[in-house]
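One structure is given below, encoded as structure tokens.
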Amino acid sequence: MSTTTAQTTQTTQTTQTQQTDKTEDTVLTTTQDAEAQSPITRVVVMAIDQSPHSQQAFDWALKNFLRKETDLVVLVNVRPIPSIPGPYAIGASYMDFSEVVTSLEEQHRVASHTLLQDFAAKLKAQNFACKAIAMRGDARDEIVRKVAELNSDALIIGSRGLGVLKRTILGSVSDYCSHHCHCTVIIVKERHEQHEHQKDK
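Be aware that the sequence shown starts at 26, since it is given in this note's numbering, and climbs by one per residue.
Pasting the structure below:
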């Protein structure tokens with residue numbers, strides 16, 4: 026991966042890039058302070074959401090993995106695309122449901138941006154170079170796509186602790202990423218989940 030030098034500019038304006046039927050928002054970009062400038066040699070993507078598992082993964086990464094001297098930390102959050110229920114897609118109620126979907130989309134967008142800004146503020150407080158990106162779609166596909174696009178060195182993601190049945194039915198985002206990302210994938214599990222895993226051995 027090529028080495029780049031951190032700049033001292035900070036961007037907080039939201040920009041949007043259309044990708045087929047998806048929209049991607051760059052919510053925030055921060056860089057190291059001028060006196061702390063150093064070459065960025067590692068790109069680390071952190072997938073975050075509103076779950077406690079995500080917060081735990083973030084805390085673990087700060088304590089055990091991230092290096093402010095060399096890392097660009099890219100926070101990503103993927104929100105689902107609201108849809109109109111099939112039976113109502115045609116008919117007089119369509120416009121009503123369309124308005125509901127539009128309202129939900131805006132609520133989800135604001136929540137995603139707020140979440141990213143909160144996590145980015147914690148990184149900025151410790152003088153990390155970071156970027157926050159909000160995406161729409163299937164979390165599994167979007168995270169894998171963004172990791173590849175950024176040529177990331179590592180992905181850090183929390184585990185929701187799904188049982189075997191739920192993992193089979195719903196699909197595990199962390200498992201999917203571990204099999205499809207062409208970089209190091211670190212899955213941070215809850216402590217009780219780690220203990221259960223040890224008992225099973």
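We put the beta carbon where it would ideally sit given N, CA and C, even for glycine.
> If you count every other CB in all the chains shown that lies within 10 Å of the CB of residue 121, and 16 or more means buried, which is it?
Replying inline: In the sequence shown, counting from the first residue as 1, residue 121 sits at position 96. Per the 10 Å Cβ criterion, exposed.
>> Quick check on this structure: which residue in 201, 102, 176, 106 has the alpha carbon closest to the alpha carbon of residue 145?
In response: Reading the sequence shown from its first residue, position 120 is the one you call residue 145. Of 201, 102, 176, 106, the residue nearest in Cα terms is 102.
> By Cβ distance below 6 angstroms, which residues in the same chain neighbour residue 192 in space, the five residues on each side in sequence not counted?
Replying inline: Residue 192 sits at position 167 when you count from the first residue of the sequence shown. In this predicted model, residue 192 has a pLDDT of only 48, less than 50, meaning its place in the structure is not dependable; the value taken from the coordinates is given anyway. Here the set comprises nothing.
> Which first and last residues belong to the alpha helix (DSSP H) in which residue 155 is found?
Replying inline: Counted from its first residue, the sequence shown places residue 155 at position 130. No alpha helix (DSSP H) contains residue 155, which is instead part of the beta strand (DSSP E) from 154-161.
> With DSSP run on the structure shown, which of helix, strand or coil describes residue 178?
Replying inline: Residue numbering aside, residue 178 sits at position 153 when the sequence shown is read from its first letter. Correct three-state label for residue 178: coil.
> From the DSSP output, which residues share a beta bridge with residue 102?
Replying inline: Reading the sequence shown from its first residue, position 77 is the one you call residue 102. Beta-bridge annotation (DSSP): residue 102 is paired with 159.
>> According to DSSP, is residue 73 part of a helix, a strand, or is it coil?
In response: On the sequence shown, position 48 is the one that residue 73 refers to. Coil.
> Can you round the beta-carbon distance between residue 55 and residue 149 to whole angstroms, since I take them to be within the 8 angstroms contact cut?
Replying inline: Looking up residue 55 in the sequence shown gives position 30. Looking up residue 149 in the sequence shown gives position 124. With a contact defined as Cβ atoms closer than 8 angstroms, residue 55 and residue 149 qualify at about 5 angstroms.
> Cα separation between residue 93 and residue 123?
Replying inline: Locating residue 93 in the sequence shown gives position 68, where the first residue counts as 1. Locating residue 123 in the sequence shown gives position 98, where the first residue counts as 1. Each residue's Cα considered, the two are about 45 angstroms apart.
> How would you label residue 162, buried or exposed, when you count the other beta carbons within 10 angstroms and need 16 or more for buried?
Replying inline: Position 137 of the sequence shown holds residue 162. Within a 10 Å sphere around the beta-carbon of residue 162 sit 16 or more other beta-carbons, which makes this residue buried.
> Apart from the five residues on each side of it in sequence, which residues of its chain come closer than 7 angstroms, Cβ to Cβ, to residue 141?
Replying inline: Within the sequence shown, numbered from 1, the residue matching residue 141 stands at position 116. If we look at residue 141 and ignore the five residues flanking it on each side, its Cβ neighbours are 52, 53, 100, 102, 157, 159.
>> Could you give the first and the last residue of the continuous alpha helix (DSSP H) run that contains residue 203?
In response: Position 178 of the sequence shown holds residue 203. It spans 198-205 - the alpha helix (DSSP H) in which residue 203 sits, taken as one unbroken run.
>> Once the 5 residues before and after residue 212 are set aside, which same chain residues still bring their CB inside 7 angstroms of it?
In response: If you number the sequence shown from 1, residue 212 lands on position 187. 182, 184, 199, 203, listed in sequence order.
>> Is it buried or exposed, residue 154, if we count other Cβ atoms within 10 angstroms and call 16 or more buried?
In response: Residue 154 sits at position 129 when you count from the first residue of the sequence shown. Buried is the call here.
> Smallest Cα separation from residue 88: which of 174, 76, 151?
Replying inline: Residue 88 sits at position 63 when you count from the first residue of the sequence shown. If we check each option's Cα against that of residue 88, 151 comes out closest.
> Does DSSP put residue 56 in a helix, in a strand, or in coil?
Replying inline: Reading the sequence shown from its first residue, position 31 is the one you call residue 56. In the structure shown, residue 56 adopts coil according to DSSP, grouped into three states.
> Thinking C-alpha only, which one of 208, 133, 197, 173 is nearest residue 105?
Replying inline: Counted from its first residue, the sequence shown places residue 105 at position 80. For residue 105, the nearest C-alpha among the options comes from 133.
>> Taking contact to mean 3 or more Cβ pairs, one atom from each stretch, closer than 8 angstroms, check whether the segment 169-176 and the segment 74-89 are in contact.
In response: Here the segment 169-176 makes no contact with the segment 74-89; the two share fewer than three CB pairs at distances below 8 angstroms.
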